[in-house]
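Chains as they are written, first to last, in the working numbering: chain X, 13 to 301; chain L, -4 to 97.
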């Protein structure tokens, strides 16, 4: 085998000897990645004997996905490493995988962002390098800064959307964050309720702190207990609203009745005769409205 | 043949280097668990039989050798097989995340 240089060769000169059917979605990711960060490695082709008549000078050894992505992106040429190898070896090479086509580890992006930051790159530089949206990357950095690795894992594992993870990581109580993400993953808390639940719990902790209970002897905060507490608060507030509504309805009824009565000449005469000359200020105010 | 203007960027240099394994710095160590895995055994035997199909990807670090960006398992296999040199592509960027998208 003789490798020296990467050359740009016409894609039309390449013959695919062992076509591989690919996952379209994964391939779209390849296309997207190449369009954003460029081609990360050349394809590999083998030179065919001069005598072949179909005009294809090369056999593809490795890189069908990249080659098809280049075609998709409107390119006629592609950077390639050209090797010389006997027919048999070429066939073998195009069949054998000697790279691990394993899916990216769930925390690969976490690892990468951390390493790149240690090397002194800014968030913007990293976003550009990785071809990622800046907002997405800021979210990741924020999670890393707060040490919420379990949250990043949950995001990478697709169990929690990043927006929710960022929301959960806001504030600085690790235990609350953990409980919230637990509750989210179980589907007990969703959307705006995450924010509401955190506020409820934070308020409770703050109250305990003000009362001088710096380390209250309480059970470990779990997703379930958090949901319970959140639901309890919701119940209290709902009950309060119901009570207020009922009171307002009664008040309207009473006011209307009183207004009708006071409009009656005979009723006013009766009151005077009975010596009832004044009204409670609250009621008088409502009647004059 | 007339060359079409290239619109897409290449994130590597056009020359391929043959580097001593000792000058390459991996970013993570390969665990015993990985070495025992079937995927690693597969890579090991294919490297033994036909060599590397695609070169490793490295990034030159000033005075500190070459940072290994892609090919940690193949690098480990080469070490086990007692190879001393390996073909490498020089990357123009130092990230290793996007190599995961194949």
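We put the beta carbon where it would ideally sit given N, CA and C, even for glycine.
Query	Result
Output the distance between the C-alpha atoms of residue 6(L) and residue 83(L), rounded to the nearest integer angstrom.	14 Å
Do you know whose CA, among 24(X), 72(X), 26(X), 83(X), lies nearest residue 40(X)'s CA?	83(X)
Starting from residue 130(X), follow the alpha helix (DSSP H) in both directions and report where the run begins and ends.	120 to 130
In terms of residues, what are the limits of the alpha helix (DSSP H) holding residue 80(L)?	Element bounds for residue 80(L): not the alpha helix (DSSP H) but the beta strand (DSSP E), 80 to 86.
Ignoring anything shorter than 3 residues or poking outside the region 38 to 84 of chain L, list the beta strand (DSSP E) runs there in chain order.	51 to 55, 61 to 65
For residue 153(X), go through chain L and note every residue whose CB falls closer than 7 Å to its CB, in chain order.	The contacting residues do not exist; residue 153(X) stays about 14 Å from chain L at best.
What's the gap between the Cα of residue 48(X) and the Cα of residue 218(X)?	46 Å
Where does residue 19(X) sit, in a helix, a strand or coil, going by DSSP?	strand
With DSSP run on the structure shown, which of helix, strand or coil describes residue 19(L)?	strand
Report all residues from its chain with a CB closer than 7 Å to the CB of residue 42(L); omit the five preceding and five following residues, and keep chain order.	69, 72, 73, 76
For residue 50(L), I'd like the list of residues in its chain whose CB is within less than 7 Å of its CB, leaving aside the five on either flank, ordered along the chain.	11, 82, 83, 84
State the Cα-Cα distance for the pair residue 298(X) and residue 285(X), rounded to the nearest angstrom.	24 Å
What residue range does the alpha helix (DSSP H) around residue 254(X) cover?	235 to 274
Just the chain X side, please: which residues come within less than 8 Å of residue 52(L) by C-beta, in chain order?	52, 53
Tell me the residue span of the beta strand (DSSP E) that contains residue 144(X).	Unbroken run through residue 144(X): none, as it is neither H nor E.
Taking its Cβ as the centre, do 16 or more other Cβ atoms sit within 10 Å of residue 15(L), making it buried, or is it exposed?	exposed
Our contact map puts residue 169(X) next to residue 198(X) with C-beta atoms below 8 Å; I'd like the distance itself, whole angstroms only.	Not really, about 15 Å apart at Cβ, beyond 8 Å.
Residues of the region 82 to 99 of chain X with a CB closer than 8 Å to any CB of chain L: list them in chain order, please.	82, 85, 86, 87, 88, 89, 91, 93
Roughly how many angstroms separate the alpha carbons of residue 192(X) and residue 126(X), rounded to a whole number?	25 Å
Does the region 45 to 62 of chain X come close enough to the region 93 to 111 of chain X to have 3 or more Cβ pairs within less than 8 Å?	yes
Along chain L, in chain order, which residues have C-beta atoms closer than 7 Å to that of residue 66(X)?	Under the 7 Å cutoff, chain L gives no residues; its nearest Cβ is about 17 Å from residue 66(X).
How would you write the range of the beta strand (DSSP E) that residue 56(X) sits in, first residue to last?	55 to 59
Can you check DSSP and say which residues form a bridge with residue 91(X)?	20(X)
Listed in chain order, which residues of the region -1 to 18 of chain L have Cβ atoms closer than 9 Å to some Cβ of chain X?	-1, 1, 2, 3, 4, 5, 6, 7, 8, 9, 10, 11, 13
Report the neighbours of residue 90(L) on chain X: residues whose CB is nearer than 7 Å to its CB, in chain order.	124, 128, 141, 142
Tell whether a beta-carbon distance below 7 Å holds between residue 22(X) and residue 89(X).	yes
Where does residue 30(X) fall in DSSP's three states?	coil
So, using beta-carbon positions, are residue 72(X) and residue 28(X) closer together than 7 Å?	yes
Shorter than 7 Å from the beta carbon of residue 49(X) to some beta carbon of chain B?	In the structure shown, chain B does not exist; the protein chains are X and L.
Please confirm if residue 57(X) has its CB atom under 7 Å from at least one CB of chain L.	no
Under a Cβ-count criterion, where at least 16 other Cβ atoms within 10 Å of its own Cβ denotes burial, should residue 292(X) be classed as buried or exposed?	exposed
Using the DSSP secondary-structure output, state which residues sit across from residue 13(L) in a beta bridge.	82(L)
Nearest to residue 196(X) by CA position, among 242(X), 222(X), 154(X), 157(X), is which residue?	242(X)
Bridge partners for residue 71(X) per DSSP, in chain order?	27(X), 58(X)
Quick check on residue 8(L): does DSSP put it in helix, strand or coil?	strand
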